[in-house]
Every structure is written in C-alpha cells, then in structure tokens.
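Trainee: So for the sequence shown, my numbering puts the first residue at 561; every next one is plus one.
Ideal Cβ placement from N, Cα and C applies to all residues, glycine included.
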Amino acid sequence: MSQQNLLLEELTSPEVKRALQDGYATVVVAVGAVEQHGPHLPLLVDAVRGDRLALEVARRLGDALVAPTIRVGCSEHHMAFPGTLSIRQQTLEALCTDYAVSLSRHGFRRVCFVPSHGGNFAPLADMLNDLRSAVGPDFEVDAYTDLVGFIEFWKSAVASEAPELVTRVGGHADIAESSEMLCIRPDLVREDLAEEGYLADFDDALSERIFRDGFREVTPNGVLGDAQGMSRKIGERCIEHAADGIAAALQK
561 MSQQNLLLEE LTSPEVKRAL QDGYATVVVA VGAVEQHGPH LPLLVDAVRG DRLALEVARR
621 LGDALVAPTI RVGCSEHHMA FPGTLSIRQQ TLEALCTDYA VSLSRHGFRR VCFVPSHGGN
681 FAPLADMLND LRSAVGPDFE VDAYTDLVGF IEFWKSAVAS EAPELVTRVG GHADIAESSE
741 MLCIRPDLVR EDLAEEGYLA DFDDALSERI FRDGFREVTP NGVLGDAQGM SRKIGERCIE
801 HAADGIAAAL QK
C-alpha cells in the first residue's frame, strides 16, 4: 500500500479488508483540540497538527493506518478564551473506547492514541487500563502520554536548526507550534501578530499550575514561549523529531 493511502477514511471498505490481509494491524489515532492559540494562530491548530503527526507516526511504525483525528479534546483550562471547545474526560474516554472497539471488531490488533494537545496527555494515561479492559486481551491499546517529553522533542528540533531560538520553545503557540503550522496551513498563520508570551521551561510544576489555575492566569495572551522567528524549516524539524520520538516510544 502506498504512503498516500494510509488514511482509513479515504479507503474503500474492500481496500481496508485488503490492508488487513496484507498485515496492516495497527491504527494510529491523533487526539487533538479546538482551542485558542494566541493572537496569531487559529483554533484548529492541534486538530490539523494531529492529522500530520498521526500520519508521520504511522509511517514510522510501519504496517499502520491512520484513523480520523479526534478533533476536540480536554481544553477546560483554555475556556477563558473565546471560541475554545472542550469535552469532559469521560466523553473522551467514551470516544476512544468506541474507536478501539470498532477497530478490534474488524480485525485490527492494535490502536495507538497520539495526543497533539497538552490537555489530552494525562486523561489518556488515566484511561488506558479501562480502554484495555473494554476491548479484551487480544487487542492492544497504547498511547504516548509524556507531555514534558514531547516538549523536549520540540526543543531538540529547534536546537538542531536554530540553537539561538531554543528559549522561545514554551509549549503552546510558540516558535515550534507556529513553525509546524507554516508547514501544514500557512494560509492561517498571522505572522505579523506573533508576540512573546510567558517564557519559562515547561515542566511538571508549570503544567500543574496551568491545569489548576487556567491558561489565562499564566499567560494573558495565550502563548507559552515566543513564536517570533518561526520558519518552515523549524516546523519540519519539529514534526520529524516528535514523530521519531513518539514512534520509538510506541515500538518499545
């Protein structure tokens, strides 16, 4: 099967059957968000980034298809910003369960959930055991759940392309995420509106503060880091490093 035909929803049912017969036993599902991304990026950032990330991870895993991205995620901490949509963790768990059960019934052997939004990492970790119980021992459910590790992929990517800009990686609407959007949907990036946000290393303490107090309390403009200096080259590096790291973790 050619790389351009890895998207499950673009295949016919007979093509899916043939893919299963050819050994395509894994399905990758991105778990995104529709939420604020500062003054310069649209709400759909995590959804379309998820589309690309899932495809790149599937290519690296091999014998894997890509199911439609779960586009809205757990974004309560962004609700102070107009336009943000959020679902409850139990809603997300129900969606992930139904995805897994559907895929298992068709004969797939594994599903890998890949979050492209920070607010989905912890919920996915919390629900993994329940998801596995729902589908039984003959179907494998995995997820990448290391949020701080994901930010480190971005830092290493920016360091490889423009080391002087690493301090602008903050984890949200920053140089990394904005550069990825220049690769994926450049028509939606308002480069002239990019500005510095809250600058600090993203660690467990900052993550806890964000989820406890809300994003606006930490960064009034909705940016963690700084998007200025964004470029397509940096964006491609960020996508590559994240996909490499996630695929390696899922192959262990």
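(1) Which whole runs of the alpha helix (DSSP H) in the region 626 to 714 are 4 residues long or more, in chain order?
(2) By Cβ distance, which residues of its chain are closer than 7 Å to residue 695, with the 5 residues on each side in sequence left out?
(3) Run through DSSP, which three-state label would residue 786 get?
(4) Residue 597 by DSSP, collapsed to three states: which one?
(5) Is residue 563 helix, strand or coil when you go by DSSP?
(6) Is DSSP giving residue 779 helix, strand or coil here?
(7) Got a sec? Which residues, its chain only, sit under 7 Å from residue 632 by beta carbon, not counting five neighbours each side?
(8) Alpha carbon to alpha carbon, what distance is there between residue 619 and residue 563?
(9) Pop quiz: residue 625 and residue 657 are said to be a contact at Cβ under 8 Å. What is the actual Cβ separation, rounded to whole angstroms?
(10) Just tell me which of 649, 797, 572 and 675 has its CA closest to the CA of residue 722.
(11) Straight-line CA distance for residue 652 to residue 634?
(12) Anyone know if the C-beta pair for residue 739 and residue 792 falls short of 8 Å?
(13) Classify residue 596 as buried or exposed, calling it buried when 16 or more other Cβ atoms lie within 10 Å of its own Cβ.
(14) For residue 588, which beta-bridge partners are listed by DSSP?
(15) For the alpha helix (DSSP H) containing residue 605, name the first residue and the last one.
(16) Identify, in the order they occur along the chain, each residue of the same chain with its Cβ nearer than 6 Å to the Cβ of residue 548, setting aside the five sequence neighbours on each side.
(17) With H, G and I counted as helix, E and B as strand and the rest as coil, what does DSSP make of residue 756?
(18) Considering only DSSP beta bridges, list what residue 801 is partnered with.
(19) Residue 684: buried (16+ other C-beta within 10 angstroms of its C-beta) or exposed?
Mentor: So, from the data block:
(1) 649 to 665 and 681 to 695
(2) Counting from one through the sequence shown, the residue named residue 695 turns up at place 135. So the list reads 660, 661, 664 and 701, once near-sequence residues are dropped.
(3) Counting from 1 along the sequence shown, the entry for residue 786 is found at position 226. Reduced to three states, the DSSP call for residue 786 is strand.
(4) To locate residue 597, count along the sequence shown from 1; it is residue 37. Strand at residue 597.
(5) Counting from 1 along the sequence shown, the entry for residue 563 is found at position 3. Model confidence at residue 563 stands at a pLDDT of 47, short of 50, so the residue's coordinates are unreliable and nothing is read from them.
(6) In the sequence shown, the residue the question calls residue 779 occupies position 219. Residue state, collapsed to three classes: coil.
(7) By one-based count along the sequence shown, residue 632 stands at place 72. Around residue 632: 593, 594, 645 and 647.
(8) For this step, residue 563 is matched to residue 3 along the sequence shown. For this step, residue 619 is matched to residue 59 along the sequence shown. Below a pLDDT of 50, predicted positions are generally treated as unreliable, and residue 563, at 47, falls in that range; no measurement from the model is reported.
(9) Taking the first residue of the sequence shown as 1, we reach residue 625 at position 65. Taking the first residue of the sequence shown as 1, we reach residue 657 at position 97. No, residue 625 and residue 657 are not in contact; Cβ-Cβ is about 19 Å, not under 8 Å.
(10) Within the sequence shown, the letter at position 162 stands for residue 722. When only C-alpha atoms are compared, the closest one is 797.
(11) Along the sequence shown, read from residue 1 onward, the residue named residue 652 stands at position 92. Along the sequence shown, read from residue 1 onward, the residue named residue 634 stands at position 74. Taking the straight line from one Cα to the other gives about 8 Å.
(12) Within the sequence shown, the letter at position 179 stands for residue 739. Within the sequence shown, the letter at position 232 stands for residue 792. Against a cut-off of 8 Å, the Cβ pair of residue 792 and residue 739 comes out as a contact.
(13) Here residue 596 corresponds to residue number 36 of the sequence shown, with the count starting at 1. Classification for residue 596: buried.
(14) On the sequence shown, position 28 is the one that residue 588 refers to. According to DSSP, residue 588 bridges with 626 and 672.
(15) Here residue 605 is taken as the residue at index 45 of the sequence shown, counted from 1. Taken as a continuous stretch (DSSP letters only), the alpha helix (DSSP H) holding residue 605 covers 605 to 621.
(16) Since the displayed the chain opens at 561 and closes at 812, residue 548 lies outside it and no answer follows.
(17) Taking the sequence shown and counting its residues from 1, one reaches residue 756 at position 196. Residue 756: strand per DSSP, three-state reduction.
(18) Translated into the one-based positions of the sequence shown, residue 801 becomes position 241. Answer is none; residue 801 lacks a bridge partner.
(19) Counting from one through the sequence shown, the residue named residue 684 turns up at place 124. Result: buried.
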